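Just so we're aligned, residue 1068 is where the sequence shown starts under our numbering, counting upward by one.
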Amino acid sequence: MQRYFPEAAVPMVVEAYENSRFQLKFKKPRSSKLGDFRAPLGYKGICCITLNGNLNPYQMLVTFVHELAHYNVYMDYPKRCLEPHGEEWKQTFAQLLLPYLRPEIFPEDVISALKKHLQHIKASSTADANLAKVMKRYDANPSGEKALTVDDLPEGAVFQLENGMRFKKGPKRRTRYQCVCLDNDKTYSVSGLAEIK
1068 MQRYFPEAAV PMVVEAYENS RFQLKFKKPR SSKLGDFRAP LGYKGICCIT LNGNLNPYQM
1128 LVTFVHELAH YNVYMDYPKR CLEPHGEEWK QTFAQLLLPY LRPEIFPEDV ISALKKHLQH
1188 IKASSTADAN LAKVMKRYDA NPSGEKALTV DDLPEGAVFQ LENGMRFKKG PKRRTRYQCV
1248 CLDNDKTYSV SGLAEIK
C-alpha cells in the first residue's frame, strides 16, 4: 500500500479495506478511467475495486475513496436502483473523503481543490477542471519531469497526443480547446490537461 498511497493515509486505507469485503487490484493504465467498482456477478461473488497503478499517490487516494463510496452505496442500498453518481453516492463520497483532508496526507493546494470539489461534486475528479489541474502537478513522466499538456501550448501550436493524432491548437471554449486534427481536417474538443508527446 505504501507504494501507491500517501504514507500517512496507508493505515486508514488498510482499515477501510480490512473492514470491507472486496478485492483491490492495481491495473495497467487505462485511458478511459482511473478506477472502477464492480458488483459481484454471482450470488456468492465478491465486489472488486480496480485502480490504475500509475496514478500519483494523491490521485490514487481520491480514486480509491471514489470507488469505495460506490462499494458502500452498493452495500447500503442492495435492492435499489440508484444513479451511479447520485445523491447517495455524493454524500457517501464526501463522508469518506473528509477524514483524509489533513496536511500530513495531502499538500495544501490539493486540500483546497478537494474542499471546492466537495461543494459541487462531479462524477469524476477529472471532470473538475480545477482539481484535475492541481492533481496533474504531482504527475511525473518516466524521466521524472512534469508532463507537458495542451494548456502549456500557445494557440496555433501543433502537437501530437499519446494516441498519435496530430492537432493545431485553437481557441478555448469553456474548459476545452477547439483543435483541428491535421490527419483528417476535423475539429475536436480537446482537454487542456491532455498530455502531449
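Virtual Cβ for every residue (Gly too), placed ideally from N, Cα, C. Model, not experiment: these values are computed from the prediction.
Fill in: Within the region 1088-1165, ranges of the alpha helix (DSSP H) (whole runs, at least 4 residues)
1124-1143, 1154-1164
Worksheet item: Anyone know if the C-beta pair for LEU1168 and LYS1182 falls short of 8 Å?
Response: yes
Item to complete: Express the C-alpha separation of VAL1257 and LYS1189 in angstroms, rounding to a whole number.
Response: 19 Å
Worksheet entry | Spatially closest choice to ALA1224 from LYS1146, TYR1244, ALA1214, ARG1240, by CA coordinates | TYR1244
Discussion item. Short of 8 Å in beta carbon distance, which residues of its chain neighbour GLY1120, apart from the five on each side in sequence? Order them along the chain.
Written reply: TYR1071, PHE1093, LYS1094, LYS1095, PRO1096
Worksheet item: For PRO1107, which of LYS1100, SER1099, ILE1116 has the nearest alpha-carbon?
Response: ILE1116
Discussion item. With three or more C-beta pairs closer than 8 Å as the rule, is the region 1128-1135 touching the region 1189-1206?
Written reply: yes
Worksheet item: If we count the other Cβ atoms within 10 Å of its Cβ and call it buried at 16 or more, is ALA1076 buried or exposed?
Response: buried
Worksheet item: Which word fits HIS1137, buried or exposed, when buried means at least 16 other C-beta atoms lie within 10 angstroms of its C-beta?
Response: buried
Worksheet item: Tell me, which residues are paired with SER1258 by DSSP?
Response: ARG1243
Fill in: Cβ neighbour criterion (16 or more within 10 Å) applied to SER1210
Because the pLDDT at SER1210 is just 49, under 50, the model does not fix this residue reliably, and the point stays unresolved.
Fill in: Alpha carbon of ASP1143 to alpha carbon of ARG1241, nearest angstrom
37 Å
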